[in-house]
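Okay, so here's the structure we're looking at.
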Amino acid sequence: HVSSADHFVSLPSMPPLNSLIVPRSMDTFKKIDFHEECATAAFRQFDKEGTGFITALDFRDIMGSIKSHLLTKEVKDNLVAAAGGGQSGHKVSFPYFMAFNSLLNNMELVKRIYLNATNGQKDQEVTKEEFLYSAQMMSQITPLEVDILFLLCHLIHQTTRIAYNDLQSIAPEQFYKQFTNRLAEIHAVSSPDDRGFVIQILESVYRFTLGSLAGATGATAVYPIDLVKTRMQNQRSGSFIGELMYRNSFDCFKKVVRHEGFAGLYRGLVPQLMGVAPEKAIKLTVNDLVRDKLSDKNGKLPLYAEIIAGGCAGGSQVVFTNPLEIVKIRLQVAGEIATGEKIRAWSVVKDLGFFGLYKGARACFLRDVPFSAIYFPSYAHMK
């Protein structure tokens, strides 16, 4: 029996799952799953003559009974208007009825298609043509389901385009679906202040390691260029007054390879790696650490705090890398000396002493502190 007052449908006894088929009016018979079985049985109960059509009110009653858990208030209020594809007569065919149910069951797939069409932007509006193009790779979504989707969005928000909030009006994300959300939306803690001391240490180690690997890779790739640059800056006259050792950078490169071999292009690389890896890592780690400490409870950082964080990063870099930079330069220019004992990194350290390793540190501070104070805030805002 059917009571339209409370929208409750009493279903008759079901035939076996493997023998249940669609109404007589359908040309092609097929096996269906449990959810489709319930929907088909309800449709057949109202379509007693087997015409393959039911009225809009019958459609509303069936959906309110077997699919009430999938219906939002917005969808419930527009079930009659959406019946039959919004056409006059309000007759609902069996294919339309099944497509409507399939759409409600696959709304998470619909959201993925939308996000694929917008490259992850939730506030961008999409036309039906753009949505169909993005849905081509998803065979589960049919053109009829897309028509129903855009009809519902038009009835709810009076628009011919859809955005993510339109999909949310049809099917909000449920609690049990939060586990399948995108990684970018999952946070280990609700606030940075909730992180424990161990977590902060592990984050610093993680940043330090990534910075070290990135710095070492970049330094190794461009080191021959750095060596040529140092040799050109240290350019000195040859045996004749006014004669230069290298005519240009290419000449310098060829002479290094000819007289010192290919390995000569990497003379002093070890001190460079010892310096550049910690240099990048320390700079990034100190910048992130100071930014975290100066952020407010909402995670926002004022501009002056960004400048302070960048300046601290540049200063910490100079303290650590200035000695290694001096040793590297001494080793780079050592290959120009044709005779004499081969210079080692340790011998350079012993000759210069502790204070000698920090020659030129003031100039480096004046260069790197303002540079980092400008670089990091500029990068953060332009990103």
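Residue 1 is where the sequence shown starts when you use the UniProt record's numbering, and the numbers rise one by one after that.
The C-beta atom is built at its ideal place from N, Cα and C for all residues, glycine as well.
Query, Result
"Assuming Lys161 contacts Val126 under a Cβ cut-off of 8 angstroms, what Cβ separation, rounded to an integer in Å, is found between them?", "For the sequence presented, residue 161 should be read as Arg rather than Lys. With a Cβ gap of about 6 angstroms, Arg161 and Val126 count as contacting."
"So for Leu244, helix, strand or coil by DSSP?", "strand"
"Return the bridge partner residues of Thr55 from the DSSP annotation.", "Lys91"
"CA-CA distance, Leu289 and Ala309?", "8 angstroms"
"Grab the span of the alpha helix (DSSP H) containing Tyr206 for me, first residue to last.", "197–233"
"Since I believe Ala82 is in contact with Leu151 (beta carbons under 8 angstroms), could you give me their beta-carbon distance rounded to a whole number of angstroms?", "6 angstroms"
"Can you grab the Cα-Cα spacing for the pair Ala219 / Lys280, in whole Å?", "10 angstroms"
"With a CB to CB cut of under 7 angstroms and the five nearest residues on each side skipped, what residues in its chain are close to Cys252?", "Val228, Arg231, Met232, Tyr246"
"Could you say which of Arg60, Met98, Phe197 lies nearest to His90 if we only look at CA atoms?", "Arg60"
"Once the 5 residues before and after Gly315 are set aside, which same chain residues still bring their CB inside 6 angstroms of it?", "Val369"
"Would a C-beta distance cut-off of 8 angstroms place Ser372 and Lys283 closer than the cut-off?", "yes"
"Under 6 angstroms Cβ to Cβ from Asn234, same chain only, skipping five residues before and after it: list those, please.", "Val333"
"At the level of alpha carbons, what is the spacing between Phe100 and Tyr164?", "19 angstroms"
"Helix, strand or coil for Ile141? Go by DSSP, reduced to three states.", "coil"
"Does the distance from the C-beta atom of Leu167 to that of Tyr114 stay below 8 angstroms?", "yes"
"Is the separation between the beta-carbon of Ser204 and that of Thr72 shorter than 8 angstroms?", "no"
"Is the beta carbon of Ile62 closer than 8 angstroms to that of Leu103?", "no"
"Note down the Cα distance separating His154 from Glu130, rounded to an integer number of angstroms.", "16 angstroms"
"Flag this pair as yes or no: are the beta carbons of Phe53 and Ser93 separated by less than 8 angstroms?", "yes"
"Got a sec? Which residues, its chain only, sit under 8 angstroms from Asp351 by beta carbon, not counting five neighbours each side?", "none"
"Taking the beta carbon of Asn181 as the centre, do at least 16 other beta carbons fall within 10 Å, making it buried, or is it exposed?", "Confidence in Asn181 is poor, its pLDDT being 44 and thus under 50, which makes the residue's placement too unreliable to answer from."
"By DSSP, does Ile282 sit in helix, in strand, or in coil?", "helix"
"Measuring alpha carbon to alpha carbon, tell me which residue in Leu244, Pro323, Glu49, Phe97 is nearest Pro271.", "Pro323"
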